[in-house]
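>
Residue numbers (this note's numbering), protein chains in the order written: chain A, 3 to 821; chain B, 327 to 569.
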């Protein structure tokens, strides 16, 4: 049996769906390969020429003796030590150059030019005490040029001026200053190396050398290849998040394509029922019919996969070009094509089509031969009761999982459970949708029916006549819109909740914390800010580590003026007003109000009376003492750990920032978090995430719309006689087109409306789970959701353009003569 | 006296194809259908009787000639205007597939009126439904009706708006003899009792026997025009054409 009677043209939409899905998968894989290759090239710089490496443990250093030992090892040709120490660099305004709050590092020039971890981009390398080179990213952000003088802070926080003589290219985001070894030692008081790297003599196996190395305790030895691999892993961590995200979306695209294909085959099989029955009459066995249908689907799958790979190459190129917009900076590099994506695509294409076609194909084989002789072929459908029972069981499991997730306290596990429950309920929704889609379409079509009369009412009737088909068509859209709505609800809820928490807990403008690696902020900073009329609230927090009943806690002393103003904890028991000398605010869970709580800290033990229980704050501390109590108990704790600053009303934000910066010129090792810019950054980050979601799911939407076009085209073919009849009875061409347009619109909006409802529900539940004990503030991004529905509806109408034109073009007489 | 003519065709020509392969389906046909008359168009298959009906009903466009329905010239009308004319002035009964499966009998009957945006005449609907024995079938879907009932619904739809003319295309073609007779009787009654104009295309002499007049078509031309025909007379005439 070579022919199944499926005309190639009718398989075009199936092919299109698979082309798009494969393109996404192949594109993601090619992009991921290319990005990895570019990153490996970049990270390999640090491991260039390295055959073996000995690394100190975190925080440890290797001594010159260790370097000598490596040099003396049999097979080692040359070896050099690499120093890397914290060396804070200040910008032109005297502010600390920091990456995520961490000051920069200094590295030594190195003795062996072949074993350097950087490349000189411009100028020369430092040779004297007063010279330095900086990395190109820092040069860009600070505006320092060759010949400029730059200031660094030495170990005792004294300013030292260095002349910039060169710019280097180096791996990583941390600001790096290259100085001579002697200078680095003088500035940082440090000797010793983070790494000792070595080359081996020609013909010697690096592994053998590695095994011969005398490795000091708390250090490790690796071959150059291992070193490169480890560096690469570090590099991949940057893009893993993005790649996983892309693969998830690719999976969604494949799923949606599966819906479209299953639906197409379902309709084709239904339309060919009589012919299939005829084939059975003349002796075709069930297996033969099944095999021929599956063979057809496999062919479409292979063809679609081949085109999909080509399109995927373009997708990968687009992703690589657009990756900056997705928040990942990649070094320049071309597309890398490995056989792996090709193989996966060629297998995936036919696999998806065959799996999607198998159910409709199997149904086709159940057509009794006698159906060929009947006028009307009875519709075959699953029994409603089976469907309802199955859906109810799946929904029950999904709901129980969701509830279990919501009751769980660990946010991560809770989220996984909620999402799993969501998937369960979504499946139940898909199962039940053929039974409810009719009513939904009727409800949605009520208004158009009133407004546009007969064409709209005919459209509603048509959309309702085959609920299974309508449900399957909308399901594809449901998936895409549901994910988009869920994503944007989560984003909006996270945004609002984080904002509320920030405002609630810290109604201030600036948070000052010690830069990474610093123990505290000099009291002079707090004193100067307190005396500045620009600020109407300066709350200084001092902290020590302590223990309560075996738990490590942070004991804090806080200006009494700050309680209830800069620091507004959520009180779970007791009253803030009862807080005073001799008492404490304690994180919930450490006792009862009025209890005497034993606290040991800084080598002292004492009792405090619990005035009130509050929600723990990681920033302030777990046990909060009255300032005089704190000073009496821990007199040696003079530095502040945190300063909360609020501008006086009417003060311009940039003026206020300048005053903060001015207070810090003498003490630059302080990180300033500008809450206004924190808010702006968070807003930008959330908009970016939404943008990514929208772009990627747009792909799934396109596939879903191909599905709508497809269903409508096939329905139009099926209804040729009907269309001719209503045309004869007085439906104009325009009205016939309108009928199909409204039908597409109804299907699209049914999918979109249910998708939005489901997405909002589970977006909210997932955020609720993610925030754990704190309540998430549900935010429904109404504008966005409305735009999703509108986009889906407009796109749905767009999907009807071709089928409706074909339907309207047909002449009444020939259409009646046809079927 | 054009006003008494429901439909009038002059020198009507329909040619399919071009040049050597051109086929003339309707060849310079001039005919008038007076109002209040039941006319049957008969002829062997390929005689052009269906094409003639399609032209008269504005379903197809003529190559040349003119058609007047209720005083309106059809030739030269745009598709939209033709559609509106069909909706407002013509009733249709086809051989099969007369009804939209997604609509109930009542909705099917009311469809042309609704397309025209006319107010539903409840009284008229009740009268037509009662006359056609459909009163208890109005809320059934076509699939729940027998073939005869379906054709009666189609007749009700055609008669509902008192059109200038009802075109019936082999209305009994897929019915058994007894049911078919019922439908033909119904059409004849609509002419006798309500003054309706009916033009029916058929190849069945028995069906033609219900008409007041039979127009016989062969090779696209009118070859005979019988008044008060009998089934035997029509059969005889058709037989002679075949010979």
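We put the CB at the ideal spot given by N, CA and C, even for glycine.
Could you tell me the distance, in whole angstroms, from the CA atom of residue 571/A to the CA atom of residue 489/A?
The alpha-carbon atoms of residue 571/A and residue 489/A are separated by roughly 30 Å.
> Find the nearest neighbour of residue 369/A within the set 283/A, 415/A and 411/A, judged by alpha-carbon distance.
Among 283/A, 415/A and 411/A, the Cα nearest to that of residue 369/A belongs to 283/A.
> For the region 716-731 of chain A, list every residue whose C-beta sits within 9 Å of some C-beta in chain B, in sequence order.
Within the region 716-731 of chain A, the residues whose Cβ lies closer than 9 Å to some Cβ of chain B are 723, 724, 726, 727, 728, 729, 730 and 731, listed in chain order.
> Along chain B, in chain order, which residues have C-beta atoms closer than 7 Å to that of residue 409/A?
Going along chain B, no residue has its Cβ under 7 Å from residue 409/A, so there is no contact; the nearest lies around 48 Å.
> How would you write the range of the beta strand (DSSP E) that residue 544/A sits in, first residue to last?
Residue 544/A -> beta strand (DSSP E) spans 537-550.
> Considering only residues of the same chain and omitting the five flanking positions on each side of residue 756/A, which have a CB-CB separation below 6 Å?
480.
> Under a CB-based cut-off of 9 Å, is residue 1/A close to chain B?
With chain A running from 3 to 821 in the structure shown, residue 1/A is simply not present.
> How would you label residue 628/A, buried or exposed, when you count the other beta carbons within 10 angstroms and need 16 or more for buried?
Result: buried.
> Please confirm whether residue 866/A has its beta-carbon closer than 9 Å to some beta-carbon of chain B.
Limits of chain A in this structure are 3 at one end and 821 at the other, which puts residue 866/A out of reach.
> Please say whether residue 625/A and residue 550/A have beta carbons closer to each other than 9 Å?
Their beta carbons are under 9 Å apart, which means residue 550/A touches residue 625/A by this criterion.
> Determine, using beta-carbon pairs with one atom in the region 573-583 of chain A and one in the region 533-548 of chain A, whether at least three such pairs fall under 8 Å.
These segments do not touch.
> With 9 Å set as the bound, which would you pick, yes or no: does the beta-carbon of residue 346/B sit closer than that to a beta-carbon of chain A?
So, not an interface residue.
> Closest by CA to residue 1/A, which one among 669/A, 616/A and 441/A?
Chain A is shown from 3 up to 821; residue 1/A falls before or after that span and cannot be answered.
> Run through the region 165-196 of chain A for me and flag every whole alpha helix (DSSP H) of 4 or more residues, listed as ranges in chain order.
Correct list: 183-190.
> Please classify residue 556/B: does DSSP put it in a helix, a strand, or coil?
If DSSP states are grouped into helix, strand and coil, residue 556/B belongs with coil.
> Using a Cβ-Cβ cut-off of 7 Å (strictly less than) and excluding sequence neighbours within five positions of residue 547/A, which residues of its own chain qualify?
Contacts found: 554, 556 and 603.
> With distances taken from CA atoms, which of 222/A, 314/A, 462/A and 237/A is nearest residue 63/A?
It is 222/A.
> How would you write the range of the beta strand (DSSP E) that residue 809/A sits in, first residue to last?
Careful: residue 809/A lies outside any beta strand (DSSP E), inside the alpha helix (DSSP H) at 803-811.
> Does the beta carbon of residue 541/B sit closer than 9 Å to a beta carbon anywhere in chain A?
By this cut-off, residue 541/B is not an interface position.
> Just the Cα atoms here: how many angstroms apart are residue 86/A and residue 123/A?
If you take the alpha carbons of residue 86/A and residue 123/A, they lie about 20 Å apart.
> Going along chain B, which residues have a C-beta under 8 Å from residue 463/A?
Under the 8 Å cutoff, chain B gives 426, 428 and 429.
> Could you spell out the range, first to last residue, of the alpha helix (DSSP H) harbouring residue 209/A?
208-214 is the extent of the alpha helix (DSSP H) around residue 209/A.
> Check residue 423/B in the structure and name its three-state DSSP category.
In the structure shown, residue 423/B sits in coil (DSSP, three-state: anything other than H, G, I, E or B).
> Chain A beta carbons: is any one of them nearer than 9 Å to that of residue 409/B?
With 9 Å as the cut-off, residue 409/B counts as an interface residue toward chain A.
> Can you name the residues of chain A whose CB is closer than 9 Å to the CB of residue 406/B?
Residues of chain A passing the Cβ test: 734, 735 and 736.
> Mind checking who residue 86/A pairs with in its DSSP beta bridge?
DSSP, once it has assigned bridges, lists 109/A as partnering residue 86/A.
> Looking only at its own chain, which residues have a Cβ that is under 7 Å from the Cβ of residue 206/A, when we skip the five neighbours before and after it?
For residue 206/A, where only same-chain residues beyond five positions count, the Cβ hits under 7 Å are 77.
> From this set, 815/A, 401/A and 528/A, which residue's C-alpha is nearest residue 664/A's C-alpha?
Of the candidates 815/A, 401/A and 528/A, the one whose C-alpha sits nearest the C-alpha of residue 664/A is 528/A.
> Could you check what DSSP says for residue 562/B in three-state terms: helix, strand or coil?
Helix at residue 562/B.
> What does the alpha-carbon distance come out to for the pair residue 455/A and residue 441/B?
Rounded to whole angstroms, residue 455/A to residue 441/B spans 8 Å at the Cα level.
> Closest to residue 387/A by C-alpha separation, out of 436/A, 483/A, 267/A and 700/A, would be which residue?
Of the listed residues, the one whose Cα sits closest to residue 387/A is 436/A.
> Looking at residue 482/A and residue 706/A, is the spacing between their C-beta atoms short of 9 Å?
In contact: residue 706/A and residue 482/A (Cβ atoms closer than 9 Å).
> For residue 405/A, which of helix, strand or coil comes out of DSSP?
Helix, per DSSP.
> Using a Cβ-Cβ distance cut-off of 9 Å, determine whether residue 813/A contacts chain B.
Answer yes: the Cβ-Cβ gap between residue 813/A and chain B drops below 9 Å somewhere.
> Please classify residue 152/A as buried or exposed, where buried requires at least 16 neighbouring CB atoms within 10 angstroms.
The residue in question, residue 152/A, is buried, as its Cβ has 16 or more Cβ neighbours within 10 Å.
> With DSSP as the reference, label residue 414/A as helix, strand or coil.
In the structure shown, residue 414/A sits in a helix (DSSP, three-state: H, G or I).
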